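2 protein chains.
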Amino acid sequence: MLTSILAPGSGINVLPLELTFGGDVESKPTSSFVDGQSIYSSGERAGQAYRVEFGAVRVYRVLANGRRQILAFHFGGDWFGLQNGDRHRSTAEAIGVTGIRSISLQRNPYIWQGLMPAVLENFSSAQEHQLVIGRQSAIERVAAFLAEMSERTGGLHRFELFMPRVDVADYLGLTIETVSRSLTKLKNKGIIRLHGPRGIEIVQCRALEDLCL
Amino acid sequence: MLTSILAPGSGINVLPLELTFGGDVESKPTSSFVDGQSIYSSGERAGQAYRVEFGAVRVYRVLANGRRQILAFHFGGDWFGLQNGDRHRSTAEAIGVTGIRSISLQRNPYIWQGLMPAVLENFSSAQEHQLVIGRQSAIERVAAFLAEMSERTGGLHRFELFMPRVDVADYLGLTIETVSRSLTKLKNKGIIRLHGPRGIEIVQCRALEDLCL
DNA sequence: CGTGCCGTTGACAGGCGTCAAGTACAGTGG
DNA sequence: CCACTGTACTTGACGCCTGTCAACGGCACG
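Residue numbers (our numbering), protein chains in the order written: chain A, 509 to 721; chain B, 509 to 721.
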């Protein structure tokens, strides 16, 4: 519904800054982050919109007892860090060497309207993820994760995971052991092939999607 | 960050229509729904913004195997149904007799910007819920649910649940039996008291919050 | 009073978390 | 060149939590 109004015909995720705002926005240049470096932390003052230029980002929250839930992964072109309230309730970290461009929302309050597609996209992803972690078994979650990663890397059947197992586990609400076992099961069923710890090859795409339900 | 720009000092959830849009919006009058009646269904064309006037709404998706996940409950003042794409991916149903006001987004495209606080609020709730269903045990989820319901009914320590057990279960990613058992455990610990199947009284508010971590 | 729905409780099995051991590999320093 | 170390990942054993199946009670309704 919104795409037809604000961003006709274009994927919401890949809006270049210039297309969205007409190029007259005060944007800082791309800044680079190393693996694990914090982009913003829970409790810090908010007020920026961030976009991944290259690399990847994990956004997570940690419960008082130390359990971590990764809320979302963001890749090239994705906007993140958009929220209500004046303080961040989550933490964003670079995965590998990552380039981030940020915009001050205080200095450019009118750009909120241009960010609506990005916010809706983030919202939609969060809802999608609620189904996965709320109602799917371990192997189904891992299957859904691989399908999502495949789709977000351009629909490739062979790709490398950006993140370690612990990130996958904390994204899916599982432990690293269960993720590992689920991958092994998928491999033994002939649905995927593993090429080293990070390399994934989807052999039976249809079977994988059937598992996602 | 956004509240200070678009809705200074007011709770995002309770923005009256008039305050947000200046009263010059083509809004249909409040329409009434009976218990279980569909407000919109998955697959239908989107293009409306909805607001709960009275009663309550559940928004859910159903997986191919029949498992249901309730994504959110909405109460008086809440906006819902906002999304990208032109077709609904979820279903919204009334819980009990419910009044809904809707606005056509096609006829009032400019109101999107006024809905940003509502979208961010929905997004924030979805993220919050990801933590609950991803990283908390059954009793912690139920505790978090009770705390949420208490907060959303105005911070009352004694309130009635709008929804049956199956809705609570499908919201929390549990079964009705586990929800029931968790409530019994909370009761036996003296943290809550149960007044009939729907009546909840929070006795030890602090202990309940400690469980939510 | 029978029927159906909702909720609770019990018995049991299975999936997943926990704990532990083992492998592969990159980096470091001798 | 190779031992040493730390990290990431896998695999196995075991136990608990929660899902499944079943029985039961309370209540509204016909």
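Note that the Cβ used here is the ideal one computed from N, Cα and C, for glycine as well.
As the structure is a computational prediction, the values presented were derived from the model and not from experiment.
Beta-carbon proximity list for tryptophan 620(B), same chain, < 8 Å, skipping 5 on both sides
Correct list, in chain order: Leu613.
Using a Cβ cut-off of 8 Å (strictly closer), state whether serine 632(B) contacts chain A.
Under the 8 Å criterion on CB atoms, serine 632(B) is classed as interfacial with respect to chain A.
Start and end of the alpha helix (DSSP H) containing glutamine 712(A)?
DSSP places glutamine 712(A) in no alpha helix (DSSP H); its state is neither H nor E.
Taking just the CA atoms, how far does valine 627(B) sit from leucine 639(B)?
Taken atom to atom, the span from the alpha-carbon of leucine 639(B) to that of valine 627(B) is near 19 Å.
Beta-carbon proximity list for glycine 555(A), same chain, < 8 Å, skipping 5 on both sides
Scanning its chain for C-beta atoms nearer than 8 Å, with the 5 sequence neighbours on each side dropped, one finds around glycine 555(A) the residues Asp594, Ser612, Leu613, Gln614, in chain order.
So is arginine 575(A) in contact with chain B if we call contact Cβ pairs under 8 Å?
So, interface residue.
Quick one: measure Cβ to Cβ for glycine 551(B) and histidine 596(B), integer angstroms, because I've assumed they're closer than 8 Å.
Contact holds; Cβ gap of about 7 Å.
Contact check, glutamate 561(A) vs isoleucine 603(A), beta carbons under 8 Å
No. Outside cutoff.
Judging by CA-CA distance, which residue of Gly704(B), Arg559(B), Ala715(B), Leu579(B) is the nearest neighbour of threonine 606(B)?
Check the Cα spacing between threonine 606(B) and each of Gly704(B), Arg559(B), Ala715(B), Leu579(B): the tightest is with Arg559(B).
Taking CB distances under 8 Å as the criterion, tell me whether methionine 671(A) reaches chain B.
No, methionine 671(A) does not count as interfacial toward chain B.
Tell whether a beta-carbon distance below 8 Å holds between asparagine 616(B) and leucine 590(B).
It is not a contact, given that the beta carbons lie outside the stated cut-off.
Can you name, in chain order, every residue of its own chain whose Cβ lies under 7 Å from the Cβ of isoleucine 710(A), other than the five neighbours on each side?
Leu654, Ser658, His665, Ile700, Leu716, listed in sequence order.
Out of Pro705(A), Asp586(A), Glu601(A), Leu669(A), state which residue places its alpha-carbon closest to the alpha-carbon of isoleucine 578(A).
Measuring from the Cα of isoleucine 578(A), the nearest candidate turns out to be Glu601(A).
8 Å is my cut-off, CB to CB: does alanine 646(B) come that close to chain A?
Taking 8 Å as the threshold, the shortest C-beta distance from alanine 646(B) to chain A does not fall below it.
Taking the Cβ atom as the reference point for each residue, do arginine 569(B) and serine 610(B) lie within a distance shorter than 8 Å?
It is not a contact, given that the beta carbons lie outside the stated cut-off.
On the three-state DSSP scale, how would you describe arginine 552(B)?
The amino acid at residue 552(B) is misidentified as arginine; the sequence shows glutamate. Glutamate 552(B) sits in coil when the DSSP states are folded into three classes, being neither helix nor strand.
Helix, strand or coil, according to DSSP, for threonine 538(A) in the structure here?
Threonine 538(A): coil per DSSP, three-state reduction.
Taking only beta-carbon atoms, is isoleucine 699(A) less than 8 Å away from chain B?
Answer no: the Cβ-Cβ gap between isoleucine 699(A) and chain B never drops below 8 Å.
Would you give the residue range spanned by the beta strand (DSSP E) that glutamine 635(B) belongs to?
Segment 624-643 is the alpha helix (DSSP H) holding glutamine 635(B); no beta strand (DSSP E) there.
Cutting at 6 Å between CB atoms, please list the residues of its own chain near glycine 531(B), excluding the five before and the five after it.
Residue placement at glycine 531(B) is poorly supported in this model, since its pLDDT is 47, which falls under 50; the coordinates are not used for a value here.
So with Cβ pairs under 8 Å, would you call alanine 572(B) a contact of chain A?
Alanine 572(B) has a beta carbon lying within less than 8 Å of a beta carbon in chain A.
Chain A within 8 Å of leucine 719(B), Cβ atoms only:
Closer than 8 Å: no.
Let me confirm a value: alanine 557(B) is counted as buried when at least 16 other C-beta atoms fall within 10 Å, else exposed. Which label applies?
Its Cβ being crowded by 16 or more others within 10 Å, alanine 557(B) is buried.
Using a Cβ-Cβ cut-off of less than 7 Å, list which residues of the stretch 652-685 of chain B approach chain A; keep chain order.
Flagged, chain order: Gly681.
When the Cα of arginine 566(A) is compared with those of Ala572(A), Gln635(A), Phe541(A), which residue comes out closest?
Of the candidates Ala572(A), Gln635(A), Phe541(A), the one whose C-alpha sits nearest the C-alpha of arginine 566(A) is Phe541(A).
For alanine 651(A), which residues of its own chain have a beta-carbon under 6 Å away from its beta-carbon, when the five flanking residues on both sides are left out?
Around alanine 651(A): Leu716, Leu719, Cys720.
Of all the CB atoms in chain B, is at least one closer than 8 Å to the CB of isoleucine 641(A)?
Chain B has a Cβ within less than 8 Å of the Cβ of isoleucine 641(A).
Anything in chain B within Cβ reach of valine 627(A), meaning under 8 Å, just list it in chain order.
Listed by position along chain B, the residues whose Cβ is nearer than 8 Å to that of valine 627(A) are Met624, Val627, Leu628, Phe631.
Run of the beta strand (DSSP E) containing leucine 702(A), from where it starts to where it stops:
Element bounds for leucine 702(A): 700-703.
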